[in-house]
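Participant:
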Amino acid sequence: MGDYVLSNAADADLAEIYAYSYRSFGEAQADTYYGGLSGCLRMLADNPRLGRSAGTRHQELLRHAHAGHVIYYLIENPGIFIVRVLHHSMDSERHIES
11 MGDYVLSNAA DADLAEIYAY SYRSFGEAQA DTYYGGLSGC LRMLADNPRL GRSAGTRHQE
71 LLRHAHAGHV IYYLIENPGI FIVRVLHHSM DSERHIES
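Residue 59 in our numbering sits at position 49 of the sequence shown, and the numbers go up by one each step.
#1: Quick one: measure Cβ to Cβ for Gly12 and Gly61, integer angstroms, because I've assumed they're closer than 8 Å.
#2: Is the beta carbon of Ser17 less than 9 Å from the beta carbon of Val80?
#3: Can you give the Cα-Cα distance for Glu70 and Tyr82, rounded to whole angstroms?
#4: Which residue marks the beginning of the alpha helix (DSSP H) containing Gly89, and which one marks its end?
#5: In three-state terms, what does DSSP make of Ile106?
#6: At 3 residues or longer, and completely inside the region 14 to 38: list those beta strand (DSSP E) runs for me, N to C.
#7: Do you know offhand how far Asp23's Cα is from Leu51's?
#8: List the endpoints of the continuous beta strand (DSSP E) containing His74.
#9: Three-state secondary structure (DSSP) at Arg62?
#10: So who's on the other strand from Tyr83, going by DSSP bridges?
Here it is, written out as structure tokens:
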């Protein structure tokens, strides 16, 4: 069973996703969406090869979509390192440092 570690930026992303969902849709929906994201992170930690390449600029970086967001991560034994969790409409090249 793998584990995951959040970067400071990914931790802030998740906090903002929850806050936005809470303000926009209420506590129950925010909890449901956040729970889905958390489950997806655990699934990726257990199955890190599920993601696909995030592009040529970040050769080792993988991406996996979950609902309206995309999880960007690196495989690190024995788990994964979550770099960012961005809304699908955000420019990942701009928001992910090289």
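Don't be surprised by glycine CBs; every beta carbon is placed ideally from N, CA and C. Remember, predicted model here, so these are calculated numbers, not experimental data.
Facilitator: The structure says:
#1: 13 Å between Cβ atoms; not a contact.
#2: No, these two residues do not count as a Cβ contact at 9 Å.
#3: Roughly 10 Å separates the two Cα atoms.
#4: Careful: Gly89 lies outside any alpha helix (DSSP H), inside the beta strand (DSSP E) at Gly89 to His97.
#5: When DSSP states are grouped into helix, strand and coil, Ile106 belongs to the coil group.
#6: Considered as a whole, the region 14 to 38 harbours 14 to 16 as its complete beta strand (DSSP E) runs of no fewer than 3 residues, in chain order.
#7: 13 Å
#8: Leu72 to His76
#9: strand
#10: Beta-bridge pairing links Tyr83 to Leu72 and Ile92.
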